[in-house]
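Notes for the one structure printed next.
There are 2 protein chains.
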Amino acid sequence: MNPTEHFRVVKSCLGTKARVGEIITARGKVTTPVFLPVASQGTVKTLTPEELKDIGITIIMSNTYHLYLRPGIDIIERSGGLHGYMAWNKPILTDSGGYQIFSLASLRRVSDEGVVFRSHIDGSEHLLTPELIIQFQERLGSDIIMPLDECCPYTDDKSLVCQAMERTHSWAKRCLNHHHGRQFLYGIIQGGVFPELRCQSVEVITSLGFSGYAIGGLSVGEVKEITWAIVAETVTLLPEDKPRYFMGLGAPEDILTGVALGIDLFDSALPTRVARNGALFTSTGRHSIRNAAYKSREEAIEPGCDCYTCRTFSAAYLHHLFRTEELLAYRLATIHNLRFISRLVRKIRDSIHQGTFSSFQKEFLTSYQTTDEEVRLSQKQKWLRRVKVLPEL
Amino acid sequence: MNPTEHFRVVKSCLGTKARVGEIITARGKVTTPVFLPVASQGTVKTLTPEELKDIGITIIMSNTYHLYLRPGIDIIERSGGLHGYMAWNKPILTDSGGYQIFSLASLRRVSDEGVVFRSHIDGSEHLLTPELIIQFQERLGSDIIMPLDECCPYTDDKSLVCQAMERTHSWAKRCLNHHHGRQFLYGIIQGGVFPELRCQSVEVITSLGFSGYAIGGLSVGEVKEITWAIVAETVTLLPEDKPRYFMGLGAPEDILTGVALGIDLFDSALPTRVARNGALFTSTGRHSIRNAAYKSREEAIEPGCDCYTCRTFSAAYLHHLFRTEELLAYRLATIHNLRFISRLVRKIRDSIHQGTFSSFQKEFLTSYQTTDEEVRLSQKQKWLRRVKVLPEL
């Protein structure tokens with residue numbers, strides 16, 4: 002067990018379950034609620050570490066599965082760990098890559114021992130076990146690490162979900178036993194969309210005693226109402242004094258809802274991925290800079306935004322860079338979207354401190370036009386089909 | 002005519018025709034010899050203006066043809082000119098785009114009036130005249146502008162070259178007449194690989210009186226010996242007190258030779274284009290970072306190099322970014338190559354000041370392994386065929 006305190010709640014919202022907290026690691030303190038940009042391959046796509054810091058990013062997320070395949074754990078270990086390798090000296094959370102193994106890779110055999118899969122890059126065969134996943138993350142030197150879990154696709158087959166959940170529990174125990182305590186290990190709650198399984202999962206995982214708790218296996222194709230119902234019920238069962246982490250969520254409106262339900266950490270590739278497609282967050286919603294309306298707009302994408310992109314360039318210039326497929330486009334859009342999210346979580350924290358979170362949430366959603374739920378779900382399912390979480394139609 | 006002095010020679014080399022000079026523009030002074038990175042579409046690919054300045058870039062080059070097609074001159078003019086549009090407040094030289102019209106575009110008709118061509122983007126038909134090209138560059142607000150010239154492909158058909166040269170001369174006169182004098186207009190010497198045509202071209206163009214002189218139509222597929230013979234002869238005929246600009250040259254060894262022959266300005270997409278392919282300049286030559294040897298190299302690409310990339314990341318990390326096709330790769334490689342060239346021209350200027358240019362050149366070329374001439378020429382011709390300067394085999 003970790004000898005030092007890892008998390009404390011600083012301020013709680015009276016009307017909701019929102020709270021401001023502090024995560025303490027050897028590489029510094031992270032104030033929550035917080036959003037973690039995704040650096041799956043050891044780089045937040047298009048950006049340098051200095052740019053991330055300028056944007057206000059305090060912790061990033063990387064992925065053991067990706068780094069294990071390329072460049073390999075050895076190479077990173079010899080480069081002074083992941084922090085030295087990618088020149089990022091603030092906290093890093095690494096995911097086990099369970100989700101990627103069950104989606105990107107070609108599965109060969111899942112057994113109690115572990116997972117045999119073929120690499121999505123060169124087809125080579127690999128066995129990963131809970132013990133190896135912990136060892137890899139210890140060698141990567143990340144600050145917060147995750148156990149291997151079995152991620153089953155979104156399904157209404159309860160026995161399938163139950164089986165994956167039970168294996169996740171057994172792997173969680175082995176991860177905890179194999180863990181040397183220098184890093185903070187979080188537990189992952191599974192159980193699909195079945196409240197009674199979620200309840201059972203919380204019971205088992207919290208009884209083992211982790212430094213934090215992640216909710217996995219949601220936002221994988223189900224409608225939002227179900228997501229939030231499961232989150233609300235799960236959070237109620239989780240201990241107050243440990244951080245709560247919703248894996249794979251990053252749309253502004255979802256962060257607000259997640260915070261209201263008591264979530265402290267969020268990660269998602271969404272803000273950076275949609276940026277590279279030209280979809281930019283603004284106070285009125287997500288807009289495509291490729292739209293002809295921007296061709297001659299001399300103002301910034303979002304007038305008043307303090308990000309480098311908005312301070313320096315017009316929407317017209319960014320439109321031009323996207324239309325001509327200039328590489329600078331993806332970078333400038335990524336800076337804007339990450340700064341938007343970084344400012345959003347800061348405003349959320351401020352409003353919790355000031356006791357105005359609920360009105361801030363309401364106000365934000367009054368002007369921010371969210372993506373239509375039907376469109377969102379079809380886009381999400383299309384994406385999940387592409388990464389094989391959902392079967393082909 | 003420009004009322005102010007535009008150029009002065011500060012120091013000349015005794016053993017060669019190399020010299021240090023100063024170009025004066027309303028947006029600042031540029032010390033020569035200097036290399037101009039190419040920002041054809043209003044961006045030096047992958048980089049921000051701040052990064053260019055950190056690298057030591059003092060002047061960049063853009064392209065009227067590209068900007069005319071996208072986003073259009075109107076949009077840039079309304080954004081405060083090209084400087085405001087791309088947020089670059091130091092000098093800009095714009096090329097007319099003659100070279101691109103005769104290579105990228107689909108030519109319809111060349112007459113004394115001008116050029117009718119179809120856009121390489123959408124096939125739309127356009128007429129460009131010498132007068133329009135000057136008007137466009139005045140509206141872009143660049144500091145140094147170029148006349149429209151007829152670029153004929155590399156050929157031993159002297160009458161063809163002569164015809165293009167004569168049209169270039171007539172267009173040069175019209176450009177000069179249409180020019181309002183707020184910007185510095187350079188003349189372009191044509192004449193292919195024929196010394197007597199080059200001589201004739203220098204005579205006509207210098208008699209018109211421009212602020213500087215560019216040598217065009219070289220490095221378009223001929224062997225290097227011919228390139229340098231023509232440059233050497235041409236420079237001898239050019240006035241001492243005007244800047245001399247070799248259009249389209251950017252390999253380190255070529256810059257050294259060009260400087261020795263009296264060239265002051267160089268531009269080329271080569272350093273940035275090869276960077277995006279993973280070919281990096283070092284003191285021992287150009288090396289591919291994709292090579293497996295770099296997979297676990299913990300030192301910088303070039304130990305001792307002061308560029309951001311070398312100060313921050315290992316060669317192993319850059320190798321990984323290229324192998325995983327991460328967008329950050331192209332940017333870090335571009336920074337390194339441009340800084341290499343920027344340091345090279347600074348060292349050239351220093352050595353001219355110190356009277357050690359010849360020994361510096363010799364020393365540099367002792368360790369710097371240049372690309373084999375046969376390989377170079379075949380690569381160049383392949384490239385020129387792709388952009389249609391040379392016909393398909």
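Protein chains in written order, with the numbering used here: chain G, 2 to 394; chain X, 2 to 394.
Glycine included, each C-beta is placed from N, C-alpha and C at the ideal position.
For X/K159, the three-state secondary structure derived from DSSP is helix.
Under the Cβ distance rule, G/T95 does not count among the residues neighbouring chain X, no pair being separated by less than 8 Å.
Note that the segment 278–289 of chain G does not touch the segment 260–269 of chain G; fewer than 3 beta-carbon pairs, one per stretch, sit closer than 8 Å. Unbroken beta strand (DSSP E) runs of no fewer than 3 residues, entirely contained in the segment 2–80 of chain X, are found at 8–13, 20–26, 29–33, 35–37 and 61–64, following chain order. With at least 16 other beta carbons inside 10 angstroms of its own, G/H84 counts as buried. Contact annotation: X/I302 and X/L319 have beta-carbon atoms nearer than 8 Å.
For a Cβ distance threshold of 8 Å, residue set S80 and Y86 of chain G lies close to X/S315, ordered along the chain. If the five residues before and after G/E132 are omitted, its C-beta is found closer than 7 Å to the C-beta atoms of R175 and H179, all from its own chain and listed in chain order.
Counting along the chain, no alpha helix (DSSP H) covers X/L128; the unbroken beta strand (DSSP E) around it starts and ends at E126 to L129. In the structure shown, the three-state DSSP call for X/S297 is coil. If you check the CB distance, X/I122 and X/L70 come in under 8 Å. Linking X/S143 to X/G43 through their CA atoms gives a straight-line distance of about 12 Å. For X/Q42, the chain G residues whose Cβ falls inside 9 Å of its Cβ are H321, L322, T325 and E327, in order along the chain. Identification of residues in the segment 282–316 of chain X having a C-beta nearer than 7 Å to some C-beta of chain G yields K296, S297, E299, T313, F314 and S315, given in sequence order. Judged by DSSP in its simplified three-state form, X/F247 adopts strand.
Per the Cβ contact rule, the segment 211–226 of chain X is in contact with the segment 6–18 of chain X (3 or more Cβ pairs under 8 Å).
X/K30 is outside the set of residues whose beta carbon lies under 8 Å from a beta carbon in chain G. For G/L108, there is no enclosing alpha helix (DSSP H); the enclosing beta strand (DSSP E) has its first and last residue at S107 to V111. For X/I342, no CB of chain G lies under 8 Å from its own CB, so it is not counted at the interface with that chain.
The count of Cβ pairs closer than 8 Å, one atom from the segment 11–23 of chain X and one from the segment 288–299 of chain G, stays below three, leaving the stretches out of contact. Scanning its chain for C-beta atoms nearer than 7 Å, with the 5 sequence neighbours on each side dropped, one finds around X/Y86 the residues G43, I77 and S80, in chain order. The beta carbons of G/Q101 and G/E139 sit no closer together than 8 Å. Residues of the same chain with a CB within less than 7 Å of the CB of G/D113, apart from the 5 flanking positions on each side, are R168 and S171 in chain order. Contact annotation: in the segment 100–124 of chain X, no residue has its CB less than 7 Å from a CB in chain G. According to DSSP, residue pairing for X/D96 in a beta bridge involves X/N64. One finds K296, S297, A317 and H321 in chain X with Cβ atoms closer than 8 Å to the Cβ of G/I76, taken in chain order. For G/R71, the C-beta contacts it makes with chain X under 9 Å involve H321, R324 and T325, in order along the chain. Residues of chain X whose Cβ lies closer than 8 Å to the Cβ of G/Y66 do not exist; the shortest such Cβ separation is about 13 Å. In this structure, G/I60 is the residue among G/K363, G/Q136, G/Y295 and G/I60 with its C-alpha nearest to the C-alpha of G/T33. If you draw a straight line from the Cα of G/G259 to the Cα of G/F365, it comes to about 14 Å. When the Cα atoms are used, X/T273 and G/Q201 turn out to be separated by approximately 57 Å. Two segments are said to touch when three or more pairs of C-beta atoms, one from each, lie closer than 8 Å; by this definition the segment 366–381 of chain X does not touch the segment 292–300 of chain X.
The beta-carbon of X/L141 is placed no less than 8 Å from the nearest beta-carbon of chain G. Counting only Cβ-Cβ distances below 7 Å, G/T47 has contacts in chain X at L328 and L329, in chain order. Among the bridge pairs identified by DSSP, G/Q184 is matched with none.
According to DSSP, G/Y214 shares a beta bridge with G/G188 and G/R245.
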